[in-house]
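Following: one structure in structure tokens, then a few remarks.
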Amino acid sequence: MHLALSGCDPFHTEFEAVEPAQMYAASAQSLSEEVPGELVVMTWNIKFGGGRIDFFFDCHGDRVLMGKSEVVQNLEGLAAKINQVSPDILVLNEVDVGSKRSAYVDMVQWLLDHTALNHGAYASQWKADFIPSDGLGRVDSGNAILSRWPLTGATRIALSLIGEQDALTQHFYLKRNLLHAEVALPEAGAVRVLATHLSAYSSDGTKKTQIDEVKSWMDTFVGAGEHVILAGDLNAIPPGSWKLKGFADEACPAEGPFDAGDFSAETDWLDALYADFSPAVTLDEYARNNLPHFTHTTDKEGFWNRKLDYLFTNGAFVDGSSLTHQASWSGGMPTMPLSDHAPMSVRWVVP
Amino acid sequence: MGGSMRRMVSFLVVCIVLGGASPALSEHARFSLPVEVADTLPEGVGQIGLFQPLRYGLTDSVELIAHPLLSLVAPAADFKVRWGQWGGWTVSSLSGVSFPTGLVSLLACEGTGCIYPQDAEIPFLIGFKSELLASFSMLEALRGTFRLGGKSAVALGDNTLPSVDLPLAYTRFAHLREHVALWAGLGLDGRIWGPLWFVLDVDGWWVSESDAQFALEQTGTVLWQISEGFALQAGWMLIWGEYPYGDEWRVLPLIDALWAFGPTD
């Protein structure tokens, strides 16, 4: 038998428990204005620049790979929205930096070079020289923090893996992380930004474990006297959600008894975060009306139908400043064509 | 085709890409060394590995090379013809034709083992391969071989197959996208001592892609002939190449097992 092997991690899919994040800088730095009294913080799951192409994994279509021109066109739409919001800090989920599916475009660098943001940190959550499945090929996709001001101490922290997966699947599957970095605010101290994107497809409680791990790290930084902002896609819905399952956009058949769109057993999973941190959207606001705060749908012909994306802080957000940019009437620009997630923004009070 | 069968086929393809790269017969041993040389197997002598191709001497100067398992989904055959020997030089040519559409269609799917995307348009493909080989004896048990070859394919229909962006596979599958892949190589093989043989080999590849064209492969292998009919190989392959994602160096360990049959000298 003729085999070619390359070490114990031949496809380079593994990560350390704690490791430095990958750092970026814009090719041309924008002038850093003095730090205002409030920072605009934005979070967005950008679906690897895939816009509203019907990819196979959502079961609305069978696309797998994009050409470079498609990717750039989608990135231009994302950049237009980002520039319209003009955030000081931007957290991104599902950003590709070297994936065949997105023509190997480094999206962190591209967005830094096409927005007013100057510095970036990236932590991969899905990396493999070759995914032997679905024709995906090489993939490198993860979370990123982009900022007007320098980032220091950017670190990738591994979160728990889905324990119910077999070894082969786990080897090639996503490995969720918590990316954190300190944003150095000139003459205004610093704020630690935490970016994460939690598991969507675990039926063994891994998502809850990951939520608890993220909370634990937030508590650690708070305990050290730091100002903290958490942003990202938690793949969980808030307490007080009107609808817990049976979302109309679910096109994929359920795999056995597990349904990724059934949150009925998860209604209290975010309680601890809401109890100890200030959310951009309070539970009272959400309870009055869920609809304006929904951030996700897989159906581009429908409308956002559940809230999966969040911003939390141990400091203070400006009351009433949070906005889920669902459409032109809530944010000034259509966002449905840009991703399967709507961006959120809020103003954070600089201590 | 079920997922487990598709995974097995994908595994076989990977091993054959790596294993079928270039074994050939040393005139000093019954076994083929992992380098393509101008010599051909004697009439009636054959060799097969679990993943390496079947090689069989049709005549003393014509050798058939084919993959029995893969031919079920991708019929293919190479013929190596030894044209003659002059002043210590042996000159051969290797020509082959393949029909890989069945295999490619099998591997363009959704799920594990699918190395092509399901939405790829796959035409009827006819692959062509040609290689010129010239071997020369330097010492009693030392031989050098020059190789010059190329492969491409003709597609009957629309073709949107993407590249397979992995070292070794990228150059060897490029022709399926109607690109031309050319190679030039130099190999050195000979006896170390007793049942131990060695190969040192270097190949340079060029692919007619616009942005990822060159690759270099250097192989070193030792073959241990354990018996008349069985041998083990171990070694390394050092690869440098340009790929759509950038340049990459990689070192791969190589192991192999070979079985030979037919009349002995």
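Here the protein sequences line up with chains A and B, keeping their order. Per this note's numbering, the first sequence starts with residue 1082, numbered consecutively. Per this note's numbering, the second sequence starts with residue 0, numbered consecutively. Each residue gets a CB set at the ideal place from its N, CA and C atoms; glycine is no exception.
The beta carbon of N1224(A) sits closer than 6 Å to those of N1174, A1204, L1260, A1276, H1278, all from its chain and outside the five residues before and after it, given in chain order. Fully contained in the region 1188 to 1270 of chain A are the following alpha helix (DSSP H) runs of length 4 or more, in chain order: 1188 to 1194, 1248 to 1253.
The region 194 to 201 of chain B and the region 161 to 170 of chain B do not touch, with fewer than three beta-carbon pairs separated by less than 8 Å.
Of the candidates V72(B), S134(B), T218(B), the residue whose Cα lies closest to the Cα of G101(B) is V72(B). In the structure shown, G156(B) adopts coil according to DSSP, grouped into three states.
Taken in chain order, the members of the region 1193 to 1215 of chain A whose beta-carbon sits within less than 8 Å of a beta-carbon on chain B are D1210, F1211, P1213, S1214, D1215. For R190(B), the enclosing beta strand (DSSP E) covers residues 180 to 192.
Given a length threshold of 3 residues, each whole run of the beta strand (DSSP E) inside the region 185 to 235 of chain B is given here in chain order: 195 to 206, 213 to 226. Contacts between G112(B) and chain A, judged by CB atoms closer than 8 Å, involve P1213, S1214 in chain order. At least one CB of chain A lies nearer than 8 Å to the CB of L165(B). Put simply, the CB of Y1282(A) is far from chain B, with every gap to its CB atoms at 8 Å or more. Comparing alpha carbon positions, the residue from W1298(A), N1371(A), S1283(A), G1118(A) closest to E1307(A) is W1298(A). Pairing L187(B) with G143(B) gives a Cβ-Cβ distance under 8 Å.
Interface annotation, A211(B): not in contact with chain A, CB-CB separation never under 8 Å. Chain B has no Cβ within less than 8 Å of the Cβ of F1393(A).
Chain A places a beta carbon closer than 8 Å to that of E109(B), counting this residue as a contact.
Going by beta carbons, A259(B) and G228(B) fall inside the 8 Å limit.
CA-to-CA, the gap between T220(B) and G148(B) works out to about 22 Å. Sixteen is the threshold: since fewer than 16 other Cβ atoms of the shown chains lie within 10 Å of the Cβ of C1140(A), the residue is exposed. Taking the beta carbon of K1181(A) as reference, the chain B residues within 8 Å of it are P161, D164, P243, Y244, listed in sequence order. In the three-state DSSP reduction, I1163(A) falls in the helix class (H, G or I). For R171(B), the three-state secondary structure derived from DSSP is helix. Taking 8 Å as the cut-off, the Cβ atoms of W1429(A) and I1243(A) do not count as close. Our two residues, V1274(A) and E1263(A), have alpha carbons roughly 6 Å apart in a direct line.
For Q1407(A), there is no enclosing alpha helix (DSSP H), since its DSSP letter is neither H nor E. In the DSSP assignment, Y1355(A) falls within the unbroken alpha helix (DSSP H) covering 1352 to 1357. For L251(B), the CB contacts under 6 Å within the same chain, skipping 5 residues up- and downstream, are M236 in chain order. Here V1295(A) carries a helix assignment [DSSP, helix/strand/coil]. When C-alpha distances from G1313(A) are compared across K1388(A), D1135(A), W1207(A), G1148(A), the shortest belongs to K1388(A). Distance from the CA atom of A183(B) to the CA atom of W88(B), rounded to whole angstroms, is 18 Å. DSSP, reduced to helix, strand and coil, places P1360(A) within a strand of the structure shown. Look at D38(B): its C-beta is not under 8 Å from any C-beta on chain A. Shown here, Q1154(A) sits in a helix according to DSSP, grouped into three states. At a Cβ-Cβ threshold of 8 Å, A119(B) and V96(B) do not count as neighbours.
Between W1230(A) and A1184(A), the C-beta spacing is not below 8 Å. For K1289(A), same chain residues with a beta-carbon under 6 Å away, outside a window of 5 residues either side, are W1350 in chain order.
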